[in-house]
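Asker:
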Amino acid sequence: AQHDSWSLLDVSLQEYMEATRQKIVIAEVIHVGRRNADLRKQGRFQGLQDSEIPLVPDKWEPYQRKNICTHGWKKRERSTGKRTSHKLRRTECPFQMLAQVVMRRCGTWGIVMKREVYSHNHPVSDGIYRYYPDIRQVPVGSALMPGIELLVDADAGTSSIYNYIRENSNHRV
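Mind the numbering: the sequence shown is residues 7 to 179 in the working numbering, read in order.
Now the structure itself:
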């Protein structure tokens, strides 16, 4: 898949998460400055002017993003202590999408997906997807927000706010 901007990729990822009932997060980012510095250090570009090197324009920040499943975090070594109270989803799930800025054949810059792995080592379901708190949030631009803000200003209880949301939309909270 190719995208013309990071914001369009974000829209596509949001649609993908909704359609497949998966929560995807950004695990790693490589910035344009780092990528350009690495290009300048390569032997084939030594002694060349910046105009002769295929540097990524700053407006494409970041250069690369690695998206993973929320279960895809690697185990981290800790020096002391244990976190027994934290419920971790870490299963080192192989799912990943690497989005990278590239110069297209037509000469324009764009974002392409590379190193895509769409398999999981854990169950994926609507129930699990709905468990994530940020999935259940009402979007800031929602038509419900003025009513919710009015209820909050009036010190309405959480159950009243939840009822308002349920009665005026199909949004789950």
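Each residue gets a CB set at the ideal place from its N, CA and C atoms; glycine is no exception.
1. Starting from the C-beta of residue 104, find all residues in its chain whose C-beta is less than 6 angstroms away, skip the five residues before and the five after it, and write them out in chain order.
2. Residue 16 by DSSP, collapsed to three states: which one?
3. Let me know if residue 41 comes out buried or exposed under the rule of 16 or more other beta-carbons within 10 Å of its beta-carbon.
4. Between which two residues does the beta strand (DSSP E) harbouring residue 59 extend?
5. Can you tell which of 34, 146, 147 has the C-alpha that lies nearest to the C-alpha of residue 76?
6. Put residue 24 into one of helix, strand or coil per three-state DSSP.
7. Keeping to the same chain, check which residues put their C-beta closer than 7 angstroms to that of residue 12; ignore five residues upstream and five downstream.
8. Would you mind giving the Cβ-Cβ distance between residue 66 and residue 107, rounded to the nearest angstrom? I have them listed as a contact below 8 angstroms.
9. Mapping the DSSP letters down to three states, classify residue 33 as helix, strand or coil.
10. Once you ignore the five residues that flank residue 96 on each side, which residues in its own chain have a CB closer than 6 angstroms to its CB?
11. Assign residue 31 to one of two classes, buried (16 or more other C-beta atoms within 10 Å of its C-beta) or exposed (fewer than that).
12. Name the one or two DSSP bridge partners that residue 115 has.
13. If you draw a straight line from the C-alpha of residue 54 to the C-alpha of residue 142, how long is it?
14. Is it right to say residue 99 is buried, meaning 16 or more other beta carbons lie within 10 angstroms of its own, or is it exposed?
Answerer: This is what the structure gives:
1. On the sequence shown, position 98 is the one that residue 104 refers to. Listed in chain order, the non-local C-beta contacts of residue 104 below 6 angstroms within the same chain comprise 72, 120, 121, local neighbours out to five positions each way being set aside.
2. In the sequence shown, counting from the first residue as 1, residue 16 sits at position 10. When DSSP states are grouped into helix, strand and coil, residue 16 belongs to the helix group.
3. To locate residue 41, count along the sequence shown from 1; it is residue 35. Label assigned to residue 41: buried.
4. As a position in the sequence shown, residue 59 is number 53, starting the count at 1. No beta strand (DSSP E) contains residue 59, which DSSP labels as neither H nor E.
5. Residue mapping note: residue 76 aligns to position 70 of the sequence shown, counting from 1. Looking from the CA of residue 76, the closest CA among 34, 146, 147 belongs to 34.
6. Position 18 of the sequence shown, counted from the start, is the residue given in the question as residue 24. Helix at residue 24.
7. The sequence position of residue 12 within the sequence shown is 6, counting from 1. Contacts found: 117.
8. Counted from its first residue, the sequence shown places residue 66 at position 60. Counted from its first residue, the sequence shown places residue 107 at position 101. Between residue 107 and residue 66 the Cβ distance is about 5 angstroms, and since that is below 8 angstroms, they are a contact.
9. The sequence position of residue 33 within the sequence shown is 27, counting from 1. Three-state result, residue 33: strand.
10. For this step, residue 96 is matched to residue 90 along the sequence shown. Taken in chain order, the residues that qualify are 79.
11. To locate residue 31, count along the sequence shown from 1; it is residue 25. Exposed.
12. For the purposes of this step, residue 115 is taken as the residue at position 109 of the sequence shown. Residue 115 is bridged to 109.
13. For this step, residue 54 is matched to residue 48 along the sequence shown. For this step, residue 142 is matched to residue 136 along the sequence shown. So the alpha carbons of these two residues sit roughly 52 angstroms apart.
14. Here residue 99 is taken as the residue at index 93 of the sequence shown, counted from 1. Counting Cβ neighbours within 10 Å, residue 99 comes out buried, since at least 16 surround it.
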